[in-house]
Amino acid sequence: MSNVSVLIAGVGGQGTLLTSRVLGAAAVKAGYDVKVSEVHGMAQRGGSVITYVKIGENVNSPIIEKGEADILLCFEKLEALRWLDYAKKDGTIIVNDQRIDPMPVIIGREKYPDDIISRIKAGRSGVFVIDALKTAKELGNIKVLNIVMVGFLARKTGIKKEIWHEAIRETVKAKFLALNLKAFDEGYKLAESYSN
Amino acid sequence: MKKLMLGNEAIARGAYEAGVKVATAYPGTPSTEITEFIATYDEIFSEWSPNEKVALEVAIGASFAGGRAVCSMKHVGLNVAADPLFTVSYTGVNGGLVICVADDPGMHSSQNEQDSRHYAKAAKVPMLEPADSQECKDFIKKALELSEEFDTPFIIRLTTRIAHSQSLVEIGERVEMPLKQYNKDIGKYVMMPAMARKRHVIVEERMKRLASYAEETELNRIEWGGSTDIGVITSGICYQYSKEAFGDVSYLKLGMVYPLPEKLIAEFASKVKTLYVIEELDPFIEEFLKQKGISCIGKEKLPVTGEYSAGLIRKEILGINEDTAGLQENVPVRPPVLCPGCPHRGVFYTLRKNRLTVTGDIGCYTLGSMSPLEAMDTCVCMGASIGVAHGMEKALGDGDDRRRVAVIGDSTFIHSGITGLIDIVYNKGTSTVIILDNSITGMTGHQPNPATGYTIKGEKTRQVDLVKLCNAIGIDRVRVCDPFNLEEFDKVVKEEVEANEPSVIIAQRPCALLKTVKYEGYVRVNTEKCKYCKVCMRLGCPAIVDTGDGIIINEALCGGCELCLGVCRFNALEKAGGSNE
């Protein structure tokens, strides 16, 4: 397999760090070399947060640059737009259709763009807009929207479902394991309904 | 067994396997997790020290006593620890001593972009630089061994992308290292002129031995590729970027970046057609080559500022412009903000309202300088808020209206604010200092500190009594006040700024992210009462939204801290949800 690059974009607090760790763990279990890159500290305080996961036979640089991501996994749609150019032209873009206003919008200084989804879809075929927040709400905890997204993404990889389950078992706290496994399965199912 | 590990976690694992006895640190991104992971091993005594200088001194003591020791910090922390560093270079060690320093090219979470390699050269201390997590683990073990062999501290230099990237690491077992015998030796351990002069000679001899070691060690390796048209000398994360950008060319990968192997470099340079030096930040390796008359291409093509990447190397050196779509336009930025419920919000709202000049400091609360609070005027380094306020007062002299406060977090105050406060008292200043006591070290991810009463392992310990401390150094006016009690806090600030003597206000309210903090429900806008005056917008709370024709509360974000209830003159903000509904 040639290297697969996944860029995860979200807003501080949405669980991008945990998501990248689940992806990393699953890739290791599937026998690949992996690098996961995170940024901690100031960026986490409600700011725009991205993490990179690179999977392959041999991975050197841990970072993903413009036009390099095979998959863009976005927890918020403005962040999807912000990082859009990091995706390959034929890359897969999975967007959680959620709006979280950044401070310039909150204080009325700037407008939240209303044409985000159409801008993302323009000239691209592999765009999947999903409502992971709704699924997470139905599961009773909005925090698991990240794992719903992981479930959706899992369908787009060659890695088996059982391996993903194991990766989640290793990564999340025991107290939340059952809920997270359920969230994964829901996301996985959601991806089935999208498959063409 | 192989495990996916952060560079920082791998450093911790290496310290564990190498039989380290004592690990010290002051938290600082991107170095913090080293000591957090070490704290999970009960075989190692670990501590959060009050600052990096103390951390290094404790590690030095552990080394003198015969145990292996590791001390970790971010790049700017090494400035604080520079004093002991330069002299422990002279004393040398007993048990192995390694200082881990994490640089932050690109300044993801720092106030400057300094290159710590200069410290290795200036302090005459050897330095290793790992290129992935496996090397993080291997290099710290090697550095501890070499430290004992060459009787010198070692520095391990990390950068953000090494410290905060995960890659696979082969796990080993811990090997207990018996304490080495401590022998009294004033010629070695007491640095006074007579002894230090002799030790300096030893240091210079040691550097020569280390320079020849650098020629042979497997830490530095040549990888001959399919082509010798291009040769690349590089280290750390830049090795990874180079491999990806240049592919199958020849590399001299340096694991030891100080001292540098002159002969090995010359040999490599003589066998390649074009020689590149790829290093982030300063031309540290490049200048060495040029000084030795070896021509190479480095900073004439690549920047001294910011992070590198494979793409940057391809573009600037190979002239390959990647065909990517243009940047997306009209995407509002998403800067970091103070969290909903943040106790600092009450402080900055009040300071802004009073139009005070605010000398600031390092922590979450530096975000108080951002719009719409815009309530901070300066931020230089840890502890600087207090000295800067005092200096302003002295420069302005008689004409000073003294409408000014210094703002500093509890952990930062312990780190290096106390000495500044003593200076104000001693030199007859009248500044007001606000200590933001949120019961934790926030920005780096919730580490306990001496003002919290808990150790790194969560054990209870004696808590610094900030009031008594301030009293003891001569501050008579010390007030403790909840910054969410806006009326009271405003009154206290006004009185203390007025007072013609130094004063301290301890703004006490815990960080909203602490598990012990339980706000309930949320706030909602009574649209009949709301006059859309937007005063509540001045709080800069991410849960209060101006839609363009009214104010709404984002209930998902609102934690129910109720701070905003106190700023609305029309009582249009009401508590909802929670146990009273």
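Residue numbers (the numbering used here), protein chains in the order written: chain A, 1 to 196; chain B, 1001 to 1581.
Using N, Cα and C, we set each Cβ at its ideal position, and we do this for glycine too.
All values derive from a computational prediction rather than experimental measurement.
Beta-carbon gap between residue i and residue j smaller than 9 angstroms
| i | j | result |
| --- | --- | --- |
| Ile1506/B | Arg1477/B | no |
| Ile1422/B | Leu1466/B | no |
| Val1080/B | Asn1051/B | yes |
| Ile1440/B | Ile1408/B | no |
| Met1005/B | Arg1013/B | yes |
| Lys1124/B | Ser1089/B | yes |
| Lys66/A | Asp90/A | no |
| Glu1218/B | Ala1018/B | no |
| Glu1148/B | Gly1095/B | yes |
| Arg1157/B | Met1127/B | yes |
| Glu1286/B | Lys1299/B | yes |
| Pro1483/B | Thr1350/B | yes |
| Gly56/A | Val11/A | no |
| Ile1551/B | Val1567/B | no |
| Ala174/A | Val144/A | no |
| Leu7/A | Ile100/A | no |
| Val1169/B | Lys1003/B | yes |
| Ile94/A | Val4/A | no |
Own chain residues within Cβ distance below 8 angstroms of residue i, not counting five before or after
| i | result |
| --- | --- |
| Pro1335/B | Met1370 |
| Arg1403/B | Asn1354, Arg1355, Leu1356, Thr1357 and Val1497 |
| Ala1499/B | Thr1430, Thr1432 and Arg1477 |
| Pro1448/B | Trp1048, Ile1440, Thr1441, Tyr1454, Thr1455, Ile1456 and Gly1458 |
Close-in-space but distant-in-sequence residues of the same chain around residue i (CB under 7 angstroms, 5 per side omitted)
| i | result |
| --- | --- |
| Cys1541/B | Pro1340, Arg1345 and Cys1564 |
| Asn1580/B | Caution applies to Asn1580/B, whose pLDDT of 45 falls short of 50 and renders its modelled position unreliable; the value that the coordinates give is listed next. Excluding positions up to five away in sequence, the list is empty. |
| Ala199/A | The displayed coordinates of chain A run from 1 to 196. Any statement about residue 199/A would go beyond what the structure contains. |
| Ile1289/B | Note that residue 1289/B is Leu in the sequence shown here, rather than Ile. Within the same chain, Leu1289/B has close Cβ partners Ile1265, Val1277 and Cys1296. |
| Gly1559/B | Pro1340, Gly1341, Ala1512 and Tyr1519 |
| Val1492/B | Arg1479, Cys1481 and Ile1505 |
| Asn196/A | Because the pLDDT of Asn196/A is 47, which lies under 50, any placement of that residue in the model is unreliable, and the question is left without a value. |
| Glu1223/B | Ser1250, Tyr1251 and Lys1253 |
| Tyr1624/B | Lying before the first or after the last residue shown, residue 1624/B is absent from chain B, which here runs from 1001 to 1581. |
Outcome for residue i when other beta-carbon atoms lying within 10 angstroms are tallied against a minimum of 16
| i | result |
| --- | --- |
| Glu1176/B | exposed |
| Glu79/A | buried |
| Val53/A | buried |
| Lys1271/B | exposed |
| Cys1533/B | exposed |
| Asp1104/B | buried |
| Tyr1365/B | buried |
| Lys1468/B | exposed |
| Val172/A | buried |
| Gln14/A | buried |
| Pro954/B | One cannot answer for residue 954/B here, as it falls past the ends of chain B, which runs 1001 to 1581. |
| Arg1117/B | buried |
Nonlocal neighbours in the same chain, by C-beta distance under 6 angstroms from residue i, ignoring five residues either side
| i | result |
| --- | --- |
| Gln1114/B | His1075 |
| Ser1072/B | Ala1025, Ser1031, Ile1034, Thr1035 and Cys1100 |
| Ser1317/B | Note on residue identity: the sequence assigns Ile, not Ser, to residue 1317/B. The answer, listed in chain order, is Lys1301. |
| Ala1245/B | Ala1310, Ile1313 and Arg1314 |
| Thr1234/B | Ser1242 and Ile1278 |
| Gly1226/B | Asp1248 |
| Cys1136/B | Gly1007, Ala1010, Ile1011 and Pro1130 |
| Leu1281/B | Pro1105 and Asp1115 |
| Lys1263/B | Glu1215 |
| Ala191/A | Phe152 and Arg155 |
Distance cut-off 8 angstroms: residue i Cβ against heavy atoms of the ligand ADP
| i | result |
| --- | --- |
| Glu1495/B | The ligand ADP is absent from the structure shown, which contains no ligand whatsoever. |
Test: residue i CB closer than 9 angstroms to a CB of chain C
| i | result |
| --- | --- |
| Ser37/A | Among the chains of the structure shown, chain C does not appear; the protein chains present are A and B. |
Listed from N- to C-terminal order along the chain, which residues in the segment 85-98 of chain A have their beta-carbon within a distance smaller than 8 angstroms of any beta-carbon of chain B?
-> So the close ones are Asp85 and Lys89.
Could you please tell me which residues of the segment 45-74 of chain A, in chain order, have their CB closer than 7 angstroms to any CB of chain B?
-> Here the close residues are Arg45, Gly46, Gly47, Ser48, Asn60, Ser61, Pro62, Ile63, Glu65, Lys66 and Gly67.
Along the segment 1230-1241 of chain B, what residues have a CB closer than 9 angstroms to any CB found in chain A?
-> Answer set for the segment 1230-1241 of chain B: Ile1237, Tyr1239, Gln1240 and Tyr1241.
Hey, which unbroken runs of the alpha helix (DSSP H) at 4 residues or more fall wholly within the segment 1178-1231 of chain B?
-> Entirely contained in the segment 1178-1231 of chain B, the alpha helix (DSSP H) runs reaching 4 residues are, in chain order, 1186-1189 and 1193-1216.
In chain order, each alpha helix (DSSP H) run of at least 4 residues that lies wholly inside the segment 1036-1110 of chain B = Secondary structure within the segment 1036-1110 of chain B: the alpha helix (DSSP H) runs of 4 or more consecutive residues, fully enclosed, are 1052-1064, 1075-1080 and 1082-1091 (chain order).
Check distances from the C-beta atoms of the segment 160-174 of chain A to those of chain B and list, in chain order, the residues that come in under 9 angstroms.
-> Of all residues in the segment 160-174 of chain A, none has a Cβ within less than 9 angstroms of some Cβ in chain B.
Secondary structure, alpha helix (DSSP H): runs of 4+ residues fully inside the segment 1447-1534 of chain B = Uninterrupted alpha helix (DSSP H) stretches at least 4 residues long and entirely within the segment 1447-1534 of chain B occur at 1466-1472 and 1486-1498, given in chain order.
Kindly provide the ranges of any beta strand (DSSP E) runs that are 3 or more residues long and lie completely inside the segment 1304-1366 of chain B, ordered along the chain.
-> Whole beta strand (DSSP E) segments, 3+ residues: 1357-1359.
Using a Cβ cut-off of 7 angstroms, which residues of the segment 176-187 of chain A contact any Cβ in chain B, in chain order?
-> Correct list: empty, as no residue qualifies.
Taking a Cβ distance cut-off of 8 angstroms, strictly less, list which residues of the segment 1162-1189 of chain B are near chain A, in chain order.
-> Within the segment 1162-1189 of chain B, the residues whose Cβ lies closer than 8 angstroms to some Cβ of chain A are His1164, Ser1165, Gln1166, Ser1167 and Leu1168, listed in chain order.
Pull out every residue of the segment 1546-1569 of chain B whose Cβ sits closer than 9 angstroms to any Cβ of chain A, in chain order.
-> Cβ contacts with chain A: Asp1546, Thr1547, Gly1548, Asn1554, Ala1556 and Leu1557.
Residues from the segment 110-138 of chain A in contact with chain B, defined by Cβ distance under 8 angstroms | The residues in question are Glu110, Lys111, Tyr112, Pro113 and Arg119.
For the segment 17-34 of chain A, enumerate the residues whose C-beta is nearer than 7 angstroms to any C-beta of chain B, in chain order.
-> Close to chain B, meaning a Cβ-Cβ distance shorter than 7 angstroms, are the following residues of the segment 17-34 of chain A: Gly24, Ala25, Val28, Asp33 and Val34.
Taking the runs of the alpha helix (DSSP H) that are 4 residues or longer, which of them lie wholly in the segment 85-148 of chain A?
-> Here the runs fully enclosed are 103-106, 116-121 and 132-138.
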